[in-house]
Amino acid sequence: MRRSGAAAVKKPGWRAVEEFGSRVDNQGMNATEVAERISLVARRRARRILSPKRIMPRAGLAALVLTPLLVLASVAGSATASPVQYCAQIPIVGGIPPWGFHTGAPITGATGSYSRGHGDINLSASTISGTICQVDRVRRQRDRLIIMTVEHHLVYHSHYADMWGVPGNILKIIVRVQSSTDPRCSVGTIGHVTLFGSYNGVRSDSVLFTFAAACKDHDHLYHGPQVNNQVPPL
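Numbering (our numbering), first residue to last: 9 to 242.
1) Residues in the same chain with beta-carbon distance under 8 Å from C193, minus the five sequence neighbours each way, listed in chain order, please.
2) Tell me the DSSP bridge mates of P175?
3) Would you list, in sequence order, the uninterrupted beta strand (DSSP E) runs of no fewer than 3 residues that lie entirely inside the stretch 82-152?
4) Can you find the residues in the same chain that come closer than 6 Å, C-beta to C-beta, to I178, ignoring five residues on each side of it along the sequence?
5) So, do the stretch 234-242 and the stretch 110-127 have three or more beta carbon pairs nearer to each other than 8 Å?
6) With a 10 Å radius around its C-beta and 16 neighbouring C-beta atoms as the bar for buried, classify Y230 as buried or exposed.
7) Counting along the chain, where does the beta strand (DSSP E) carrying L203 start and finish?
8) Look at the alpha carbon of I181 and the alpha carbon of C95, and state the distance between them as a whole number of angstroms.
9) With C-beta atoms as the reference, is D128 less than 9 Å away from P114?
10) DSSP three-state call for H226: helix, strand or coil?
11) So, is the C-beta of S212 closer than 9 Å to a C-beta in chain C?
12) Report the CB separation of M156 from G199 in whole angstroms; it is logged as a contact under 8 Å.
13) Quick one: Cα of G102 to Cα of R150, how far?
14) Using the DSSP secondary-structure output, state which residues sit across from S214 in a beta bridge.
15) Quick one: residues in its chain with C-beta nearer than 6 Å to the C-beta of V239, no 5 flanking neighbours on either side, listed in chain order?
16) Near D190, which residues of its chain fall below 6 Å by C-beta distance, leaving aside the five closest residues on each side in sequence?
17) Please return the same chain residues whose Cβ sits closer than 8 Å to the Cβ of P241, not counting the five positions on each side in sequence.
18) Going by C-alpha to C-alpha distance, which of G196, D213, Q97, S137 sits closest to V163?
19) Applying the 10 Å Cβ sphere with the 16-neighbour rule, what's the burial state of H161?
20) Can you tell which of H126, V146, I98 has its C-alpha closest to the C-alpha of G120?
21) Going by the DSSP bridge assignment, what does H161 pair with across the sheet?
22) Determine the direct distance from the alpha carbon of D144 to that of A117, and round the result to whole angstroms.
23) Return the bridge partner residues of R192 from the DSSP annotation.
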(Lines of atoms letter the chains of each structure in order from A and count residues from 1; the text may use other names and numbers.)
(Lines give C-alpha, C1' and ligand atoms only; values in the text may rest on other atoms or scores of the structure.)
Protein backbone atom coordinates (compact mmCIF):
# COMPACT_ATOMS: atom_id res chain seq x y z
CA MET A 1 0.00 0.00 0.00
CA ARG A 2 1.27 3.45 -0.83
CA ARG A 3 2.10 5.53 2.24
CA SER A 4 0.61 8.96 2.85
CA GLY A 5 2.72 12.10 2.42
CA ALA A 6 3.09 12.48 6.18
CA ALA A 7 4.51 8.98 6.59
CA ALA A 8 6.91 9.46 3.66
CA VAL A 9 8.81 12.30 5.34
CA LYS A 10 9.55 10.47 8.63
CA LYS A 11 13.22 9.99 9.34
CA PRO A 12 14.48 6.38 8.86
CA GLY A 13 16.22 6.50 12.23
CA TRP A 14 12.89 6.61 14.03
CA ARG A 15 10.99 4.05 11.91
CA ALA A 16 12.51 1.09 13.79
CA VAL A 17 11.36 2.56 17.12
CA GLU A 18 7.81 2.90 15.84
CA GLU A 19 7.80 -0.68 14.53
CA PHE A 20 9.19 -1.92 17.84
CA GLY A 21 6.40 -0.09 19.73
CA SER A 22 3.83 -1.82 17.57
CA ARG A 23 5.29 -5.27 18.35
CA VAL A 24 5.39 -4.77 22.12
CA ASP A 25 1.78 -3.62 22.11
CA ASN A 26 0.86 -7.03 20.70
CA GLN A 27 2.76 -8.70 23.58
CA GLY A 28 0.54 -7.03 26.19
CA MET A 29 3.13 -4.67 27.80
CA ASN A 30 1.83 -1.71 29.74
CA ALA A 31 2.57 1.90 28.71
CA THR A 32 5.51 2.28 31.13
CA GLU A 33 7.25 -0.85 29.85
CA VAL A 34 6.69 0.21 26.28
CA ALA A 35 8.24 3.62 26.96
CA GLU A 36 11.30 2.03 28.62
CA ARG A 37 11.85 -0.39 25.73
CA ILE A 38 11.49 2.39 23.14
CA SER A 39 13.97 4.55 25.10
CA LEU A 40 16.43 1.63 25.17
CA VAL A 41 16.21 1.20 21.40
CA ALA A 42 16.73 4.91 20.85
CA ARG A 43 19.86 4.94 23.07
CA ARG A 44 21.35 1.94 21.25
CA ARG A 45 20.79 3.54 17.85
CA ALA A 46 22.29 6.80 19.12
CA ARG A 47 25.45 4.98 20.29
CA ARG A 48 25.86 3.35 16.87
CA ILE A 49 25.40 6.67 15.07
CA LEU A 50 27.95 8.37 17.37
CA SER A 51 30.54 5.61 17.21
CA PRO A 52 34.09 6.65 16.09
CA LYS A 53 33.69 4.90 12.73
CA ARG A 54 30.64 6.99 11.95
CA ILE A 55 31.97 10.25 13.37
CA MET A 56 35.30 10.32 11.53
CA PRO A 57 33.91 10.96 8.03
CA ARG A 58 31.75 13.76 9.40
CA ALA A 59 34.72 15.23 11.24
CA GLY A 60 36.71 15.11 8.00
CA LEU A 61 33.93 16.92 6.20
CA ALA A 62 33.83 19.54 8.94
CA ALA A 63 37.57 20.08 8.54
CA LEU A 64 37.15 20.56 4.80
CA VAL A 65 34.41 23.12 5.40
CA LEU A 66 36.30 24.98 8.12
CA THR A 67 39.63 25.18 6.29
CA PRO A 68 38.57 27.71 3.62
CA LEU A 69 36.77 29.73 6.30
CA LEU A 70 39.95 29.91 8.35
CA VAL A 71 41.89 30.99 5.27
CA LEU A 72 39.36 33.75 4.59
CA ALA A 73 39.55 34.86 8.20
CA SER A 74 43.33 35.01 7.92
CA VAL A 75 43.15 37.14 4.79
CA ALA A 76 40.63 39.45 6.41
CA GLY A 77 42.87 39.75 9.46
CA SER A 78 45.87 40.66 7.29
CA ALA A 79 43.87 43.33 5.52
CA THR A 80 42.76 44.76 8.88
CA ALA A 81 46.36 44.76 10.12
CA SER A 82 47.41 46.93 7.15
CA PRO A 83 45.01 49.89 6.99
CA VAL A 84 44.72 51.66 3.65
CA GLN A 85 46.62 54.94 3.34
CA TYR A 86 45.63 57.13 0.40
CA CYS A 87 47.20 60.44 1.54
CA ALA A 88 43.94 61.43 3.22
CA GLN A 89 45.85 64.03 5.24
CA ILE A 90 46.06 66.21 2.11
CA PRO A 91 42.72 67.58 0.91
CA ILE A 92 41.87 67.19 -2.77
CA VAL A 93 41.38 70.63 -4.32
CA GLY A 94 38.81 71.36 -6.98
CA GLY A 95 39.79 72.65 -10.41
CA ILE A 96 43.37 73.12 -11.57
CA PRO A 97 45.82 74.14 -8.81
CA PRO A 98 48.68 76.58 -9.50
CA TRP A 99 50.87 73.47 -9.35
CA GLY A 100 50.04 69.91 -8.47
CA PHE A 101 50.29 66.26 -9.43
CA HIS A 102 49.18 62.73 -8.73
CA THR A 103 50.91 59.53 -9.77
CA GLY A 104 47.88 57.50 -10.83
CA ALA A 105 45.31 55.38 -9.05
CA PRO A 106 45.76 54.70 -5.31
CA ILE A 107 47.33 51.39 -4.30
CA THR A 108 45.02 48.38 -4.56
CA GLY A 109 47.48 45.46 -4.47
CA ALA A 110 49.75 43.97 -1.81
CA THR A 111 52.64 46.24 -2.84
CA GLY A 112 53.03 49.58 -4.57
CA SER A 113 53.65 53.29 -4.18
CA TYR A 114 51.51 56.38 -4.62
CA SER A 115 52.03 60.13 -4.30
CA ARG A 116 50.22 63.41 -4.80
CA GLY A 117 50.63 67.06 -3.89
CA HIS A 118 49.67 70.64 -4.72
CA GLY A 119 50.26 74.24 -3.70
CA ASP A 120 50.87 77.82 -4.79
CA ILE A 121 53.71 79.22 -6.89
CA ASN A 122 55.12 82.55 -8.05
CA LEU A 123 57.45 82.00 -10.97
CA SER A 124 58.60 85.61 -11.18
CA ALA A 125 59.66 85.58 -7.51
CA SER A 126 60.92 81.97 -7.66
CA THR A 127 58.84 81.03 -4.62
CA ILE A 128 56.63 78.03 -4.04
CA SER A 129 54.62 76.45 -1.22
CA GLY A 130 52.53 73.36 -0.74
CA THR A 131 52.25 69.86 0.66
CA ILE A 132 53.16 66.45 -0.77
CA CYS A 133 52.49 62.95 0.48
CA GLN A 134 53.94 59.63 -0.54
CA VAL A 135 52.96 56.14 0.62
CA ASP A 136 54.79 52.87 0.08
CA ARG A 137 53.13 49.48 0.60
CA VAL A 138 55.28 46.43 1.29
CA ARG A 139 54.23 42.87 2.10
CA ARG A 140 53.28 41.96 5.67
CA GLN A 141 53.96 45.50 6.96
CA ARG A 142 52.00 48.64 7.56
CA ASP A 143 51.96 51.31 4.88
CA ARG A 144 54.91 53.72 5.06
CA LEU A 145 53.43 57.19 4.75
CA ILE A 146 55.37 60.44 4.74
CA ILE A 147 53.95 63.97 4.55
CA MET A 148 56.26 66.67 3.22
CA THR A 149 56.13 70.46 3.20
CA VAL A 150 57.63 72.32 0.26
CA GLU A 151 60.49 74.70 1.02
CA HIS A 152 59.70 78.22 -0.24
CA HIS A 153 62.70 78.64 -2.51
CA LEU A 154 62.01 77.38 -6.05
CA VAL A 155 65.28 75.71 -7.07
CA TYR A 156 64.68 75.65 -10.83
CA HIS A 157 61.93 76.06 -13.41
CA SER A 158 61.81 76.13 -17.18
CA HIS A 159 59.27 76.15 -19.99
CA TYR A 160 61.79 74.61 -22.39
CA ALA A 161 62.79 71.34 -20.79
CA ASP A 162 63.16 68.05 -22.60
CA MET A 163 62.65 64.66 -20.94
CA TRP A 164 61.66 61.26 -22.26
CA GLY A 165 62.23 62.60 -25.77
CA VAL A 166 59.44 65.18 -25.53
CA PRO A 167 59.31 68.91 -24.57
CA GLY A 168 57.67 70.15 -21.40
CA ASN A 169 57.73 72.31 -18.28
CA ILE A 170 59.93 71.43 -15.34
CA LEU A 171 60.08 72.34 -11.64
CA LYS A 172 62.76 71.39 -9.11
CA ILE A 173 61.85 71.85 -5.46
CA ILE A 174 63.08 70.98 -1.99
CA VAL A 175 60.84 69.17 0.51
CA ARG A 176 61.11 68.45 4.22
CA VAL A 177 59.48 65.45 5.94
CA GLN A 178 56.81 66.81 8.28
CA SER A 179 55.35 63.51 9.55
CA SER A 180 56.26 59.88 8.99
CA THR A 181 54.99 56.38 9.78
CA ASP A 182 58.32 54.95 8.57
CA PRO A 183 60.60 54.69 11.64
CA ARG A 184 63.70 54.90 9.44
CA CYS A 185 62.57 58.10 7.71
CA SER A 186 62.65 60.70 10.46
CA VAL A 187 60.85 64.02 10.58
CA GLY A 188 63.00 66.87 9.26
CA THR A 189 64.75 64.83 6.54
CA ILE A 190 65.38 66.83 3.35
CA GLY A 191 64.45 65.56 -0.10
CA HIS A 192 64.37 66.79 -3.68
CA VAL A 193 61.49 66.51 -6.14
CA THR A 194 61.55 67.09 -9.90
CA LEU A 195 58.22 67.56 -11.68
CA PHE A 196 58.04 67.33 -15.46
CA GLY A 197 54.87 68.07 -17.40
CA SER A 198 54.91 67.36 -21.13
CA TYR A 199 52.93 69.44 -23.60
CA ASN A 200 52.03 69.59 -27.33
CA GLY A 201 49.41 66.90 -26.84
CA VAL A 202 51.91 64.30 -25.58
CA ARG A 203 51.30 62.58 -22.20
CA SER A 204 54.66 61.68 -20.68
CA ASP A 205 54.69 63.33 -17.24
CA SER A 206 57.04 62.27 -14.46
CA VAL A 207 57.77 62.84 -10.76
CA LEU A 208 61.20 62.03 -9.29
CA PHE A 209 61.87 61.81 -5.52
CA THR A 210 65.38 61.63 -4.04
CA PHE A 211 66.13 61.73 -0.32
CA ALA A 212 69.00 61.65 2.12
CA ALA A 213 70.15 58.23 3.35
CA ALA A 214 67.58 57.99 6.18
CA CYS A 215 64.68 58.06 3.69
CA LYS A 216 66.26 56.28 0.73
CA ASP A 217 63.40 53.78 0.66
CA HIS A 218 61.21 56.63 -0.57
CA ASP A 219 63.33 57.38 -3.64
CA HIS A 220 60.90 56.85 -6.51
CA LEU A 221 60.44 57.71 -10.16
CA TYR A 222 56.85 57.84 -11.38
CA HIS A 223 56.53 58.09 -15.15
CA GLY A 224 53.91 57.24 -17.73
CA PRO A 225 50.39 58.04 -18.88
CA GLN A 226 48.99 57.40 -15.37
CA VAL A 227 50.97 60.36 -13.98
CA ASN A 228 49.22 63.74 -14.19
CA ASN A 229 51.25 66.92 -13.54
CA GLN A 230 50.19 70.56 -13.56
CA VAL A 231 53.50 72.36 -14.01
CA PRO A 232 53.33 76.09 -14.80
CA PRO A 233 53.28 77.98 -16.98
CA LEU A 234 50.15 76.16 -18.12
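Where a beta carbon is used, it is the ideal one built from N, C-alpha and C, also for glycine.
The answer reads as follows:
1) R152, I154, V185, F219, A222, C223, D225, H226
2) D170
3) 107-110, 120-130, 135-145
4) S166, A169, F204
5) Because the criterion of three Cβ pairs below 8 Å is met, the stretch 234-242 and the stretch 110-127 touch.
6) buried
7) 198-206
8) 20 Å
9) no
10) helix
11) Annotation note: the requested chain C is absent from the structure, which comprises a single protein chain.
12) 7 Å
13) Going by the C-alpha atoms only, they are around 30 Å apart.
14) Checking the DSSP bridge columns, you'll see S214 partnered with F204, H231.
15) N177, L179, L203, G205
16) R152
17) L131, H167, N177
18) S137
19) Exposed is the call here.
20) Nearest of H126, V146, I98 to G120, Cα basis: V146.
21) T135
22) It is Gly, not Ala, that sits at residue 117 in the sequence shown. Note on geometry: alpha-carbon atoms of G117 and D144 lie some 11 Å from one another.
23) Note: R192 sits in no beta bridge, so no partner.
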